[in-house]
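Those sequence lines, one after another, are chains A and B. The numbering used here puts the last residue of the first sequence at 205; the count rises by one with no breaks. The numbering used here puts the last residue of the second sequence at 410; the count rises by one with no breaks. Where a beta carbon is used, it is the ideal one built from N, C-alpha and C, also for glycine. Shown next, in structure tokens, is the structure this report addresses.
2 protein chains.
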Amino acid sequence: MNEGTQQAEPRRRGRRAGGEDTKAALLAAAREVFMQRGYEGATVRSIAARAGVDAAMVNHWFGGKEGLFAKAVLQLPVDPNTLVDHLLSGPREHIGERIVRTFLGVWDPIGGGQFAALMRSVTAHDQVADVLRDFFVGTLLKKVVAGIGTEDRPELRATLAASQIFGMGMVRYVVKFEPLASTDVETMVQAVAPNLQRYLTGDIG
Amino acid sequence: MNEGTQQAEPRRRGRRAGGEDTKAALLAAAREVFMQRGYEGATVRSIAARAGVDAAMVNHWFGGKEGLFAKAVLQLPVDPNTLVDHLLSGPREHIGERIVRTFLGVWDPIGGGQFAALMRSVTAHDQVADVLRDFFVGTLLKKVVAGIGTEDRPELRATLAASQIFGMGMVRYVVKFEPLASTDVETMVQAVAPNLQRYLTGDIG
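Written out as structure tokens, the structure reads:
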């Protein structure tokens, strides 16, 4: 509480503050435009224009539309696109394991609070659920489907995997049911990965 | 599960209006007391006293503390306790299937809106998450653990199953990712039941 509350203002007011302001304006504009037009309908150009920023800065700061969306709407600590690339990059028969490790690796260190905040936002605002769905089904899903290369109902498989991932987050970080909430990563991998693997590449009936 | 579970009430229309007011008062009192004291700490006596109602009416109307909690806090359309009894009553090797059928049988007909409302409440209010955890871990979990009769880490298994159930509800009713959101019940059973079955009675590593 008293760690330098008073002397918190040494930062230079020059370019950095200006950059932060512009970033904040971009994020605010992005939230508005994504909510109004959905993920697919929103353009980087229109978001940048609303914030009075050059569109090139979106790529510079956020790596493009997906990164901006992840930061502005989902408030994810990582770009989901990069994450999916990572998941799809290793051996196909270990994708379940990679998903569990990556998911817990992202959220465990920050205590799951941001996951809970995302779920709060998704459940409280239909618009957030809509734009998340638009983003997931329109963008991530296609990548995952192409990446896993399973011919039998790949879209259903991807959404089944999503259900297990959402649920793992809900039980671990939101409702915190024990013992799952504090079970170590290795045990979680052994328990959950085969189920994800079955959804993505196994026999689902 | 609806084989005569709840038809004990030939309800007379005369007393109904007054009864509805008293019921509403009981539900409001229950919400307060459960939030203040948690599921375990709340007593039927204290809730009834706060509502100015005879404690016997709680049993009469809600079948006891669990039923009152389910209605007042979770706003579930069914008593979770009755539901768990049903799930545990059939062959052990088909419990995964019964869970999927029962879950979708409860929420699909009402369009999932109440499930979404419950998730909104759970994510928005720490107290609701706390009391749900208290109820789940303190009451339901013990029943499920005793009922499935698996010796290896039954509590972890029950929370793993909970993760898949929560996630199925989130993807089907809250974020509504297609195709899972509108996949027919039989396909859902074939896809999801074996994963639940593995969590509850299979090899989880």
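For A:K143, name the three-state secondary structure that DSSP assigns.
-> To locate residue 143 of chain A, count along the first sequence from 1; it is residue 143. DSSP places A:K143 in helix when its eight states are reduced to three.
Assign A:V185 to one of two classes, buried (16 or more other C-beta atoms within 10 Å of its C-beta) or exposed (fewer than that).
-> Locating residue 185 of chain A in the first sequence gives position 185, counting from the first residue. Result: exposed.
If you compare alpha carbons, which of A:A51, A:A49 and A:K65 is closest to A:L140?
-> Numbered from 1 along the first sequence, position 140 holds the residue referred to as residue 140 of chain A. Checked all of A:A51, A:A49 and A:K65; the closest Cα to A:L140 is A:K65.
Distance between A:D79 and B:F308 (C-alpha atoms, nearest Å) = By 1-based counting over the second sequence, the position of residue 308 of chain B is 103. By 1-based counting over the first sequence, the position of residue 79 of chain A is 79. Cα-Cα distance, rounded: 33 Å.
Where does A:Q146 land, buried or exposed, given buried means 16+ other C-beta within 10 angstroms?
-> As a working note, residue 146 of chain A is residue 146 in the first sequence. The displayed chain sequence assigns Ala, not Gln, to residue 146 of chain A. So A:A146 ends up on the exposed side.
Outcome for A:T43 when other beta-carbon atoms lying within 10 angstroms are tallied against a minimum of 16 = Reading the first sequence from its first residue, position 43 is the one you call residue 43 of chain A. The residue in question, A:T43, is exposed, as its Cβ has fewer than 16 Cβ neighbours within 10 Å.
Could you tell me whether the Cβ of B:R403 comes closer than 9 Å to any Cβ of chain A?
-> The residue given as residue 403 of chain B occupies position 198 in the second sequence. Interface residue (Cβ-Cβ distance to chain A less than 9 Å): B:R403 is classified as such.
A:A193 vs A:V100 beta-carbon contact at 9 Å | As a first step, residue 193 of chain A is located in the first sequence; it is residue number 193 there, counting from the start. As a first step, residue 100 of chain A is located in the first sequence; it is residue number 100 there, counting from the start. Yes, the Cβ-Cβ distance between A:A193 and A:V100 is below 9 Å.
Which first and last residues belong to the alpha helix (DSSP H) in which B:P314 is found?
-> Start at 1 with the first residue of the second sequence, and residue 314 of chain B comes out as number 109. From DSSP, B:P314 is part of no alpha helix (DSSP H); its letter is neither H nor E.
Under the three-state reduction of DSSP, which class applies to B:R358: helix, strand or coil?
-> Start at 1 with the first residue of the second sequence, and residue 358 of chain B comes out as number 153. Reduced to three states, the DSSP call for B:R358 is coil.
Do you know how far the Cα of A:P179 is from the Cα of B:D335?
-> Your numbering for residue 335 of chain B matches position 130 in the second sequence. Your numbering for residue 179 of chain A matches position 179 in the first sequence. B:D335 and A:P179: Cα-Cα distance of roughly 15 Å.
Spatial distance of A:K143 from B:F274 (CA atoms) | Stepping through the first sequence from its first residue, residue 143 of chain A is reached at position 143. Stepping through the second sequence from its first residue, residue 274 of chain B is reached at position 69. So the two alpha carbons sit approximately 43 Å from each other.
Can you tell me whether DSSP reads A:P91 as helix, strand or coil?
-> The residue you call residue 91 of chain A lines up with position 91 of the first sequence. Note: A:P91 maps to coil in three-state DSSP.
Got a sec: is the Cβ-Cβ distance from B:E356 to anything in chain A below 9 Å?
-> Against the second sequence, residue 356 of chain B aligns to sequence position 151. No - not a single Cβ of chain A is within 9 Å of the one on B:E356.
Taking 9 Å as the cut-off, decide whether the C-beta atoms of B:V289 and B:A235 are in contact.
-> By one-based count along the second sequence, residue 289 of chain B stands at place 84. By one-based count along the second sequence, residue 235 of chain B stands at place 30. No. Outside cutoff.
Do you know offhand how far A:F47's Cα is from A:L118's?
-> For the purposes of this step, residue 47 of chain A is identified with residue 47 of the first sequence, where counting begins at 1. For the purposes of this step, residue 118 of chain A is identified with residue 118 of the first sequence, where counting begins at 1. In the sequence on display, residue 47 of chain A carries Ile and not Phe. Roughly 22 Å between the two C-alpha positions.
My guess is that A:D134 and A:G63 are in contact by the Cβ rule of under 8 Å, so how many angstroms apart are they, rounded?
-> In the first sequence, the residue the question calls residue 134 of chain A occupies position 134. In the first sequence, the residue the question calls residue 63 of chain A occupies position 63. So it is not a contact: roughly 19 Å between Cβ atoms.
With a 10 Å radius around its C-beta and 16 neighbouring C-beta atoms as the bar for buried, classify A:I148 as buried or exposed.
-> Working through the first sequence from its first residue, we reach residue 148 of chain A at position 148. Buried.
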